[in-house]
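Visitor: Got a structure for you, written out below as structure tokens; questions coming shortly.
Chains as they are written, first to last, in this note's numbering: chain A, 11 to 207; chain B, 11 to 207.
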């Protein structure tokens, strides 16, 4: 089983979202998607500044994002160096929707990621989130719920569980409990899955 | 040309030191080794705490080191979670030696890495560093120099240049100027070198 943790505002999370399903299929592994807010784990739990604000590393990461687009032929419309707009509403919706109907939640996650990175959508606006959910096939009767208080609780619980399991960044993968941080681990994960045991 | 930056106390730098020469040969690239002190870049320049002290990430990195040993069949005798003993003397010697005779310096680097990680040698002791240098074929007449003031200056210059180029961690690779941080980039580097241009 692969548990895939991601933040909608993380470009590397977006890149991983485009590759993780093929990896899971190649290895016959189940896949569960978990929204997290990296601002909470990184800043509050770890006590670190935002990635782009760290001297040397901030500039390096910008270059990494550009190179990844180039190598994997994925162009981002949104400039990753622009300060992120928190995706709180979309993350809450995702947390609740994944409990109700995980397949629909995955469709929603793909649509929300594309909206943020390709159309610069504001994933903190309930109306935007509702429109994305409807376009992803969520029934109109569910919309109120995934934009309401139950969704707030679902995300809080999801985050607490993630931190308890040691998850701290985006993307982060737990594969039968083994932790892997970063989109650059996808190649290592393949090696690890194919290792002699 | 590959510029390879490493800290002797970095387990991932050690792992990279065992793989980088084969990568350079496969791609017909020159290779230059550069000692750096990550304590200086990470703590002084970037303002971050030591990696193992960061909540969640510290524990994760310990697990990553264990997994890497397993996957690549490299066993470390020294516990990577033990606080590092700065490798100042060895790094100074390496900085000067690499200007005098780069091939000898690479032999020295391999020997010093093995001494630290396999025999828990103290790379901040000039006598230990001198013994490693002699075992790596450095002539006795050079020893005083690589343990003296010129070596101090050489390391300071090496570090200033590295930071000016955006280098901040170990291992770090500049390949014709393109920056790559972390041993997990070795697979990505292969893809990048083989990309369509």
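Here a beta-carbon is modelled for each residue, glycine too, at the ideal position from N, C-alpha and C.
Values in this document were obtained by computation on a predicted structure and should not be read as measured data.
Have a look at residue 129 of chain A and residue 70 of chain A and give me their C-alpha separation to the nearest angstrom.
Guide: In a straight line, the C-alpha of residue 129 of chain A is about 25 Å away from that of residue 70 of chain A.
Visitor: Taking Cβ-Cβ distances shorter than 9 Å, what residues in chain B pair up with residue 57 of chain A?
Guide: Simply 59, 64, 65.
Visitor: The beta strand (DSSP E) spanning residue 45 of chain A covers which residue range?
Guide: Start and end: 41-45.
Visitor: How do the segment 172-185 of chain A and the segment 18-29 of chain A stand: do at least 3 beta-carbon pairs fall below 8 Å, yes or no?
Guide: The segment 172-185 of chain A, when compared against the segment 18-29 of chain A, does touch it at the 8 Å Cβ threshold.
Visitor: Can you give me, in chain order, the residues of the segment 160-179 of chain B that have a beta carbon less than 9 Å from any beta carbon in chain A?
Guide: For the segment 160-179 of chain B, which is checked against every Cβ of chain A, the residues closer than 9 Å are 173, 176, 177, 178, 179.
Visitor: Let me see if you follow: with CB-CB separation under 8 Å, is residue 201 of chain A close to chain B or not?
Guide: By this cut-off, residue 201 of chain A is an interface position.
Visitor: Below 8 Å between beta carbons: does that hold for residue 160 of chain A and residue 153 of chain A?
Guide: Contact: no.
Visitor: Quick check on residue 188 of chain B: does DSSP put it in helix, strand or coil?
Guide: Residue 188 of chain B: strand per DSSP, three-state reduction.
Visitor: Compare the C-beta of residue 195 of chain B with all C-beta atoms of chain A and state if any pair is closer than 8 Å.
Guide: Yes, residue 195 of chain B counts as interfacial toward chain A.
Visitor: Would residue 69 of chain A pass as an interface residue toward chain B - the criterion being a Cβ-Cβ separation below 8 Å?
Guide: Output row for residue 69 of chain A: interface = yes.
Visitor: Spatial neighbours of residue 121 of chain B within its chain, please: C-beta separation below 7 Å, excluding the five flanking residues on both sides.
Guide: Correct list, in chain order: 142, 145, 146.
Visitor: By Cβ distance, which residues of its chain are closer than 7 Å to residue 86 of chain A, with the 5 residues on each side in sequence left out?
Guide: Closer than 7 Å at the Cβ level, and outside the excluded window around residue 86 of chain A, lie 21, 79, 127.
Visitor: Does the segment 58-68 of chain A come close enough to the segment 57-74 of chain B to have 3 or more Cβ pairs within less than 8 Å?
Guide: They touch, by the three-pair rule.
Visitor: Taking the Cβ atom as the reference point for each residue, do residue 16 of chain A and residue 84 of chain A lie within a distance shorter than 8 Å?
Guide: Contact: no.
Visitor: In terms of residues, what are the limits of the alpha helix (DSSP H) holding residue 194 of chain A?
Guide: Segment: none, residue 194 of chain A is in no alpha helix (DSSP H) and carries neither H nor E.
Visitor: Would you please state the rounded distance, in angstroms, between the beta carbons of residue 50 of chain A and residue 169 of chain A? I believe it to be under 8 Å.
Guide: Residue 50 of chain A to residue 169 of chain A, Cβ: 6 Å. Contact.
Visitor: From what residue to what residue does the beta strand (DSSP E) around residue 14 of chain B run?
Guide: Residue 14 of chain B -> beta strand (DSSP E) spans 12-16.
Visitor: Grouping DSSP H, G and I as helix and E and B as strand, with all else coil, what is residue 178 of chain A?
Guide: Note: residue 178 of chain A maps to coil in three-state DSSP.
Visitor: Taking the alpha helix (DSSP H) that residue 104 of chain A belongs to, which residues open and close that run?
Guide: It spans 98-110 - the alpha helix (DSSP H) in which residue 104 of chain A sits, taken as one unbroken run.
Visitor: Please report whether the beta-carbon of residue 205 of chain A lies at a distance below 8 Å from any beta-carbon of chain B.
Guide: Yes, because at least one Cβ of chain B sits closer than 8 Å to the Cβ of residue 205 of chain A.
Visitor: For the putative contact between residue 34 of chain B and residue 41 of chain B, defined by C-beta atoms under 8 Å, what is the C-beta separation to the nearest angstrom?
Guide: Correct: roughly 4 Å between the Cβ atoms.
Visitor: With 8 Å as the threshold, decide whether the Cβ of residue 189 of chain B is near any Cβ in chain A.
Guide: For residue 189 of chain B, the answer is yes, since a Cβ of chain A falls inside 8 Å of its Cβ.
Visitor: Let me check one thing: in DSSP terms, what residues is residue 22 of chain A bridge-paired to?
Guide: According to DSSP, residue 22 of chain A bridges with nothing at all.
Visitor: In the DSSP assignment, find the alpha helix (DSSP H) that holds residue 82 of chain A and state where it starts and stops.
Guide: Residue 82 of chain A -> alpha helix (DSSP H) spans 67-82.
Visitor: Who are the Cβ neighbours of residue 115 of chain A in its own chain at under 7 Å, not counting the five residues just before and after it?
Guide: Hits under 7 Å: 43, 104, 107, 108.
Visitor: Could you check whether residue 196 of chain B and residue 88 of chain B sit closer than 8 Å to each other, using their CB atoms as the reference points?
Guide: Against a cut-off of 8 Å, the Cβ pair of residue 196 of chain B and residue 88 of chain B comes out as no contact.
Visitor: Roughly how many angstroms lie between the CA atoms of residue 124 of chain A and residue 151 of chain A, to the nearest whole one?
Guide: Roughly 24 Å between the two C-alpha positions.
Visitor: On the DSSP letters alone, give me the boundaries of the alpha helix (DSSP H) that residue 59 of chain B sits inside.
Guide: Where residue 59 of chain B is concerned, there is no enclosing alpha helix (DSSP H), given that its DSSP letter is neither H nor E.
Visitor: Less than 8 Å between the C-beta atoms of residue 202 of chain A and residue 81 of chain B, yes or no?
Guide: Cβ distance < 8 Å, so residue 202 of chain A and residue 81 of chain B count as in contact.
Visitor: Identify the residues that DSSP records as bridge partners of residue 118 of chain A: which are they?
Guide: Answer by DSSP bridge pairing: none, since residue 118 of chain A is not bridged.
Visitor: Against chain B, with Cβ distances strictly below 8 Å, would residue 42 of chain A count as a contact?
Guide: It does not; no Cβ of chain B falls within 8 Å.
Visitor: Compare the Cα-Cα distances from residue 136 of chain A to each of A:112, A:117, A:113, A:162 and report the closest residue.
Guide: Ranking A:112, A:117, A:113, A:162 by Cα distance to residue 136 of chain A puts A:162 first.
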